[in-house]
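Enquirer: In case it helps, our numbering puts the sequence shown at residues 82 to 161. Before we start, here is the structure in question, set down as C-alpha cells.
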Amino acid sequence: MPLTVSPCQTLCDWRRTRACREGLPLFACTGCGSQWVRTQPWSPRQADGSWPDGVREELLSHGPGGAAAGNAGSCRTTGS
Ligand SMILES: [Zn+2]
Numbered sequence: 082m083p084l085t086v087s088p089c090q091t092l093c094d095w096r097r098t099r100a101c102r103e104g105l106p107l108f109a110c111t112g113c114g115s116q117w118v119r120t121q122p123w124s125p126r127q128a129d130g131s132w133p134d135g136v137r138e139e140l141l142s143h144g145p146g147g148a149a150a151g152n153a154g155s156c157r158t159t160g161s
C-alpha cells in the first residue's frame with residue numbers, strides 16, 4: 082500500500098505514529114494526511130517551516146541511503 086502524500090497546508094502538524102512502514106518509524110501529518118518514512122525523497126515540515134519532532138533525528142541519525150538500517154530501534158515489523 083503506497084504512502085499517502087498530499088500537499089502540505091498551513092495546518093500541517095507532523096507526529097510520529099505507532100505504526101511502521103518497511104521497518105521504519107512512520108510519521109503522519111494530522112493536517113493534510115500525508116505519511117512519511119525516512120526513505121522518502123522529501124522531508125516533512127511543520128506549517129511554520131520547522132522540523133517536526135523526531136524527523137530530524139531520523140534523518141541525522143541514519144543519513145541517506147539507510148546505512149544504519151539495522152538501527153530501527155523500537156520499530157520492528159510484526160507478524161510472521
Ligand atoms: Zn501536511
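Cβ atoms here follow ideal geometry from the backbone N, Cα and C, with glycine treated the same way. In this text, all values refer to a predicted model and were calculated from it rather than measured experimentally.
Taking C-beta to C-beta, are residue 107 and residue 98 nearer than 8 Å?
Expert: It is a contact, given that the beta carbons lie within the stated cut-off.
Enquirer: Quick one: using the 10 Å Cβ neighbour count with 16 as the cut-off for buried, is residue 95 buried or exposed?
Expert: Answer is buried; the Cβ neighbour count reaches 16.
Enquirer: Please find out if some non-hydrogen atom of ligand 1 comes closer than 7 Å to the beta-carbon of residue 135.
Expert: No, since every heavy atom of ligand 1 falls outside the 7 Å radius drawn around the Cβ of residue 135.
Enquirer: Quick one: using the 10 Å Cβ neighbour count with 16 as the cut-off for buried, is residue 141 buried or exposed?
Expert: Answer is exposed; the Cβ neighbour count stays below 16.
Enquirer: Identify whether residue 105 lies in helix, strand or coil by the three-state DSSP scheme.
Expert: Strand, per DSSP.
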